[in-house]
Every structure is written in C-alpha cells, then in structure tokens.
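Okay, structure first, notes after.
Protein chains in written order, with the UniProt record's numbering: chain A, 1 to 291; chain B, 1 to 321.
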C-alpha cells in the first residue's frame, strides 16, 4: 500500500514541471525590479537631452527632449573635462589591460593546469592568497612608486600595474584543467611542438569561452575604475570616470552637462552588455567571476 | 598529466649530424623545464613590484612622520596611537560600518527575494536576468552623479516622490542618517541584481526532489523557502555576505561624489568613510605616514574578514565531499 502511494505521488510529481511555473505575481515583482533598475538609466538619458530648466521642473519631465546634440557639443568643448581625451585614454587602457590579462592569465593558467614543475602547488597557493588582499589599499606607496618612475599623470600608470591579475590566472587555471585533454597536449608534444606552440595552437583555442568572459569583465572593470586614476593621473589627462568627477566638482549645478557625460561614458559598456549579456550572466552564475 | 614525454626526433632528423640532434634535444629539454616558470612569472613580477612592495612599504611609511616625499622621520607606532584617539578616524569607521549595515542587510534580503522570483519556469529568462543586471553597466561615478541629483534637496526626484507621502523636503547631505541612506541606496541599486544572480546559481544547485518531498508533506511555498532554500543556500549567502563586506569596507566613490568631490564627506564629516579619510590624509594634507597608518588599519579590518572568508569556504568545500 505504502509503496503504491509512493509510486503514485512520484509519478504525479514527475508529471509536473521541474520548476514552479512563474505566477503573475512573480512577473509583477520582476517587472517592478527591472523598472527600478532601468529608471535611473532612463532618467540619466532624459536629463542629457534637455536644458537645465529641467532641474527646477515640478513634476519632473519623464520624456526625452531635443538638446542631446547641444549638450554633447558642450561636453566635448568643455576645457576642464578633456572628455574626448578621457574617452580615448579609457578605451586604450581598458583594451590593453583586457587583452594582456587574458593573454598572461591563459599562459599562466595553462602552466598551472597542464605543465609539471617543482613548486607548482605552493606557487598556486600564493596566487590564491593574493586574491584575498585588497591591493588597492596600497595606493599611497603605489603612488610613491609611480613618482619614482616618473609615471604620475601618464597613462601607463593605470595600465602596467594591472596587466595580469591573480584572479585571472586562477580562473584560467580552473578552466584549463577541465577543458583541455592531456592527450591533446601529449600528441602535440610527440609531434615535436614546442611548449609555446602547444599553448598557442592547442590550448588557447580551447580556452576561448573562459577567455572571452575574462576579457569582458576586465574591460568593464578597467573602464569603471575610479580611485586609482583619480589618485595618479592629472586633471588634464584623465580617464572617463575621472573626467566625470571633474565635471561633478566644477559644474555641480550644470546637470545636463554632467548627465551627458555619464550617458557617453555608459554607452560603450551598454553595447558590450547588450551584445555579450548571455556570456556575462553565465560568467557570474558560474561563480567564477567577481566584477 | 605527465608531460616529460620527450619529443621523438622525426624520421628525417636521423640523417642530421649527431651534434645538431643533441642540441635540439637539449633545447627541447630546456623548453620543457623552463617554460612553466617563464609563463607564470609575469604575475609574480607584477605583484612583487605593484602589490607586495607597496603593501610592505605602506607599513614602513606608516611608522614615519612622512610629510612630503623624501622628508621623513621614524616615529615607531606613534601614528597608530594617534589614530586610536583621533575622533575623525573613529567617525569615519562609524560611518563606514553604518553605511555598510544599512546597505548590505536590505540588499541581501532583496537579492534573495529576486533570486527566488527568477528561479521559476518563465518566458524569456535571459531577458529578465539581463534586466536585473542592468545597473552593472554603469560606472560607480555615473551612479553617484545621477543619484546625487535625485537626492537633491529642492528639485530631487526622491523628495518629489516623498512629498506624496507627506514627508517634508529632506536635505539629504545635511545629516548623518539621511546621507547614509542616500549612499546606501546607490550601493544597493548597483549590486542587488548582481547578487541575486549569484543566489540564483546557488538555488539552481538545490535538488528539486527536496521540494517535491516537502510539497507531498504539505509544506507551503513560504515554508519551503525558509526551511529548504535558505538553509541549503547558506554557503552562497556566506560568500555573498563576505564579498559585500570587503566591498563595503572600501566604500569611497559614492560618498565622495555625493559630496561634490569633497574628501571630508560633508562639513560635519557626515558621510566620510575610512577610505576617504586615508585619501584625505595622504593626498590632500600630504601626510603620507598618517594616511598609511589609516590604510593599514583598513587593511587589517579587511584581512580579518578575508581570513574568515577563507576559513569558512574551505570548511564548506571540505564538507561537501
């Protein structure tokens, strides 16, 4: 009898969906959350398309105006913000840091996952330990290092210290150890390929999925970096985020100018997000990535 | 695993003079033994120069009265003893922890709720996930600028919404609680969706048979959430909490821009965080030694939490197997 009941209920449950169906309430909660998420972005855009009268309007206007072009012109003509230069600086820094992080992390990740050498485990442990140290708290002496190198105010100051990260190495190591079969590497070795050749033509192609997630996150992170550029760069050679802060302190009443700046600063990342959203979500959910 | 497989010489090489063959073998042996170290060295070099050295050097600087670069005097732990009686420092510590608590508690609860809503069979799940992740595309600086406008006293959206509920104009920057609340809102807006996706990943790993069994026993969904989902999600919750702690203790950009770029966090230092106080000492007052002492105190606070993090995660990982 008991067995019969168990069999029946199991059959009944198995017949139902594996996950609960979303109820209208669920959709309502989610849509509300998305509206809250999107609204400040939308508001940013609305203000960027209007004149400064908008700031005093009650109720605030919720529909875009026609002054985006004017505001853009004001933004790029502004002599204190150096906005065009800032965009270029951020683009260069983010691209170089992302590419270099992916390259060196893949190289080191491959070594840790697939090559045999003395001290491998201890060295890997060092990397894991460095991931727990918030290095940005060392910015005072890092700044002093930059003074000695005569790098203050120069773009390499926001690039070179971040060319490869412990997090990147660890992530690629984890991925390489399960994505690259040993047989493949051995076969290439037997064919007389050098270690670097094996990395370049056998391992790197296999690491592509993880490498692209790492590249996306590193790019976004570098683009959004604020505290270090603010400390080490000069106001006349800023990155985008620093330039926003310059606008913020010099023109804190000129909202349309500042908001136009935030819109322009956000557009590149919004494009990345729309094109690669699926990979980004996958990366976050695999727990491998902390932004 | 084993990669000491020596490359066997190709058939054609047999005719090559033995000297050249030996050279090739030696080269490839060198390649096998040295390459790994070569490949991992960039990270260690970079970390040594730009990570480890600065950290150690901060400690040395913190033991000095160090006003401008090159001009300093060793004073032992006096910067630290001065810190312990520095009201401005403790004010910053209080602000940091205050904002951290106001920001993190609702954030994690909301993220749990959102994750639970996302963990359903629905249309266009990717679209909904992207929707809640939307805030992540904006930079902290942009978020701070937009929200500071929204929290404006006279024309801000927040006060406009609140006046429908009979709340009179709040001067958000003016006092402690309101500025903490405003800064916390920025943090929450940016991170809630991201954390909910991490929770969602944890929820998806919970075997569904548990819910089936509970449903057969007549447990309501509410009960299932509190008795199954939350306990089994504990490792994820611990992880997210600690990640949020590390981020929260370093809070800097949001309160800075909320005060129009002033490092003091308002005239009464209402929203100055420890990171801002460090920055103020080092880069505005040029007291590198004292600023470094602040940095080390902050670093110690974070280190204690990170260690806690490491121990817990290792223990949980060990428990799983």
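We put the beta carbon where it would ideally sit given N, CA and C, even for glycine.
Report the residue from the options whose alpha carbon sits nearest the alpha carbon of residue i.
i             : options                       : result
residue 276/A : 229/A, 36/A, 131/A and 217/A  : 217/A
residue 233/B : 157/B, 185/B, 187/B and 111/B : 111/B
residue 40/B  : 66/A, 94/A, 162/A and 127/A   : 127/A
residue 106/B : 47/B, 28/B, 191/B and 219/B   : 191/B
residue 84/A  : 285/A, 270/A and 242/A        : 242/A
residue 54/B  : 292/B, 302/B and 301/B        : 292/B
residue 60/B  : 22/A, 141/A and 50/A          : 141/A
residue 158/B : 137/B, 136/B, 181/B and 138/B : 181/B
residue 173/B : 268/B, 253/B and 302/B        : 268/B
residue 46/B  : 229/A, 274/A, 112/A and 159/A : 159/A
residue 222/A : 91/A, 69/A and 80/A           : 91/A
I need the DSSP call for residue i, collapsed to helix, strand or coil.
i             : result
residue 264/B : coil
residue 21/A  : strand
residue 252/B : coil
residue 151/A : coil
residue 226/A : coil
residue 199/B : helix
residue 184/A : helix
residue 121/B : strand
residue 286/A : coil
residue 79/A  : coil
residue 284/B : helix
residue 65/B  : strand
residue 67/A  : coil
residue 236/A : coil
residue 87/B  : helix
residue 72/B  : strand
residue 58/A  : coil
residue 322/B : With chain B covering only 1 through 321, there is no way to say anything about residue 322/B.
residue 277/A : helix
residue 296/B : helix
Keeping to the same chain, check which residues put their C-beta closer than 7 Å to that of residue i; ignore five residues upstream and five downstream.
i             : result
residue 280/B : 263 and 264
residue 71/A  : 48, 256, 257 and 260
residue 185/B : 147
residue 132/B : 114, 193 and 196
residue 207/A : 106, 172, 175, 176 and 179
residue 257/B : 141, 144, 145 and 148
residue 297/B : 83
residue 64/B  : 72, 73, 74, 75 and 289
Can you find a C-beta in chain C that's less than 9 Å from the C-beta of residue i?
i            : result
residue 50/A : Looking for chain C here will not work: the only protein chains present are A and B.
Excluding sequence positions up to five away, which residues of its chain have a Cβ less than 6 Å from the Cβ of residue i?
i             : result
residue 182/A : none
residue 34/A  : none
residue 284/A : none
Please compile the residues from chain A whose C-beta is within a distance smaller than 7 Å of the C-beta of residue i.
i             : result
residue 261/B : 245, 248 and 249
residue 80/B  : Those within 7 Å of residue 80/B in chain A number zero; the least Cβ separation is about 15 Å.
residue 165/B : Near residue 165/B there are no residues of chain A at all, since even the closest Cβ is about 15 Å away, more than 7 Å.
Name the chain B residues whose beta carbon is nearer than 9 Å to that of residue i?
i            : result
residue 56/A : 154 and 155
State the CB to CB distance for the pair residue i and residue j, rounded to an integer number of angstroms; the pair is presumed to be in contact (CB under 8 Å).
i             : j             : result
residue 239/A : residue 89/A  : 5 Å
residue 210/B : residue 228/B : 5 Å
residue 239/B : residue 115/B : Between residue 115/B and residue 239/B the Cβ distance is about 13 Å, and since that is not below 8 Å, they are no contact.
residue 175/B : residue 270/B : 6 Å
residue 219/A : residue 94/A  : 5 Å
residue 189/B : residue 135/B : 6 Å
residue 85/B  : residue 41/A  : Not confirmed; about 45 Å, so no contact.
Residues of chain A with CB under 8 Å from residue i, in chain order?
i             : result
residue 273/B : In chain order: nothing, as chain A lies at least about 12 Å away.
residue 42/B  : 104, 107, 108, 163 and 164
residue 96/B  : Here the premise fails: no neighbours, minimum Cβ distance about 13 Å.
What residues from chain A crowd round residue i, counting only those whose CB sits closer than 9 Å?
i             : result
residue 102/B : What residue 102/B touches in chain A: nothing, since even the nearest Cβ is about 18 Å away.
residue 291/B : 140
residue 182/B : Chain A residues near residue 182/B: none, gap ~13 Å exceeds 9 Å.
Could you work out which residues of chain B lie near residue i, taking near to mean beta carbons separated by less than 7 Å?
i             : result
residue 195/A : 31, 32 and 35
residue 20/A  : 120 and 121
residue 29/A  : 117
residue 42/A  : None at all; the shortest Cβ gap to chain B is about 10 Å.
residue 37/A  : 131, 132, 134, 135 and 193
residue 224/A : 139 and 140
residue 278/A : 126
Closer than 8 Å by C-beta to residue i: which residues in its own chain qualify, once you throw out the five before and the five after it? Chain order, please.
i             : result
residue 146/A : 152, 157 and 232
residue 11/A  : Legend: pLDDT at residue 11/A = 40, less than 50; position of this residue unreliable, no value from coordinates given.
residue 281/A : none
For residue i, return the contacting residues in chain B, with the cut-off set at a CB-CB distance below 8 Å.
i             : result
residue 127/A : 43
residue 153/A : Within chain B, no residue comes near residue 153/A; the closest Cβ sits about 14 Å away, beyond 8 Å.
residue 34/A  : 128, 131, 132 and 134
residue 26/A  : 117, 120 and 122
residue 172/A : Correct list: empty, because the minimum Cβ distance to chain B is about 11 Å.
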